Amino acid sequence: MEQRISLITLGVADLARAKAFYERVVGWKAAEGPPGIVFFDLGGIVFSLYPLADLAKDLKMAADGGRDGACKGFTLAHNVRSKEEVDSVFSRL
């Protein structure tokens with residue numbers, strides 16, 4: 731298994747405001763993507779902004795990051811290159 735993180739997703743309260751911050755203040759350029767999510771290619775890692783309520787819903791969790799068991803507002807992803815690699819990672823887990 732390659733040691734890497736493929737995708738970091740940050741749940742945000744205001745997608746347009748968060749995008750503007752990363753573009754204007756941090757100086758990053760957003761990549762093309764579907765509406766409702768913003769991607770930044772960081773040279774091997776993709777950083778994405780996604781509405782917090784939608785992230786919590788996708789995770790089937792409450793959006794209250796202050797409670798145990800609630801969505802904390804971010805996710806990490808490790809993508810592999812084949813179905814066989816998925817099976818191998820899960821067998822080790």
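Under the working numbering, the first residue of the sequence shown carries the number 731, and numbering increases by one thereafter.
We treat Cβ as the ideally placed atom computed from N, Cα and C, and that holds for glycine.
On a predicted model such as this, the values are computed, not experimentally measured, just so you know.
- Val-742 is classed as buried because its beta carbon has at least 16 other beta carbons within 10 Å across all chains shown.
- At a Cβ-Cβ threshold of 8 Å, Val-768 and Lys-749 count as neighbours.
- Measuring C-alpha to C-alpha distances from Pro-781 to each of Arg-747, Glu-732, Phe-820, Leu-772 identifies Arg-747 as the nearest.
- Taking the Cα of Leu-779 as reference, the smallest distance to any Cα among Gly-773, Asp-817, Gly-803, Ala-792 is reached at Gly-803.
- Spanning the alpha carbons of Lys-813 and Val-776 requires a straight line of approximately 21 Å.
- DSSP places Val-776 inside the beta strand (DSSP E), whose first and last residues are 776 to 781.
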